[in-house]
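Before any comments, here is the structure.
Residue numbers (this note's numbering): 35 to 189.
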């Protein structure tokens with residue numbers, strides 16, 4: 035009897051969770067692939083560095099806004115332009131991802147979700163990593179790790 039009640043509770047919770055998730059979507063699955071241009075604004079970011087003991091230390095930076103123009107989006111062809119550079123595009127479910135890989139090893143990924151934040155803007159996150167080893171007297175470079183949070187306006 036207890037196991038039936040437990041299973042019923044799990045099924046009910048999944049149904050409620052799925053219903054809430056489905057109601058919060060603003061674009062239908064696949065509609066995000068029709069977007070041709072975005073202006074993304076990221077007012078909050080987290081950067082991480084490693085201390086002398088090798089432990090990562092994340093820090094929230096609430097000031098300084100990153101703005102990205104994403105144009106010429108052709109999801110079917112897997113291409114777009116971000117800040118003047120050609121990037122790869124992937125659409126999966128309710129997400130569209132823009133991937134920029136630099137020759138030096140820099141990687142930047144911008145993900146736009148099919149859910150609104152404020153007004154008609156879509157929630158988005160931008161992540162980037164980079165490392166260029168420099169070892170000088172009194173200075174040793176660290177990998178750059180940053181994640182930015184904001185939203186994108188459909189153009």
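Beta carbons: idealized from backbone N, C-alpha and C, even for Gly. Since we're looking at a predicted model, the values are computed, not measured.
Fill in: Whole-angstrom C-beta distance between residue 103 and residue 117, which should lie under 8 Å
7 Å
Worksheet item: If residue 179 sits next to residue 115, beta carbons under 8 Å apart, how far is it from one beta carbon to the other, in whole angstroms?
Response: About 25 Å separates the two Cβ atoms, so there is no contact after all.
Discussion item. I'd like to know whether the C-beta atoms of residue 79 and residue 61 end up nearer to each other than 8 Å.
Written reply: no
Fill in: Helix, strand or coil at residue 86 according to DSSP, with G and I counted as helix
Here residue 86 sits in coil by DSSP.
Practice prompt. Could you tell me whether the segment 91-98 touches the segment 155-174, using the rule of 3 or more Cβ pairs below 8 Å?
Written response: no
Worksheet entry | Cα-Cα separation, residue 141 to residue 164 | 6 Å
Worksheet entry | For residue 140, the first and last residue of its enclosing beta strand (DSSP E) | Per DSSP, residue 140 belongs to no beta strand (DSSP E) and is neither H nor E.
Practice prompt. Compare the C-alpha of residue 143 against each of 181, 172, 112 and 85 and name the closest.
Written response: 181
Discussion item. Please tell me whether residue 128 and residue 168 are closer than 8 Å, where the distance is taken between their beta carbons.
Written reply: no
Worksheet item: What is the C-beta distance between residue 174 and residue 73, in whole angstroms, given that I count them as a contact (C-beta under 8 Å)?
Response: No, residue 174 and residue 73 are not in contact; Cβ-Cβ is about 37 Å, not under 8 Å.
Worksheet item: Using the C-alpha atoms, what's the distance from residue 154 back to residue 136?
Response: 32 Å
Worksheet entry | Cut-off 8 Å between Cβ atoms - residues of its own chain near residue 166, not counting five sequence neighbours on either side | 138, 139 and 175
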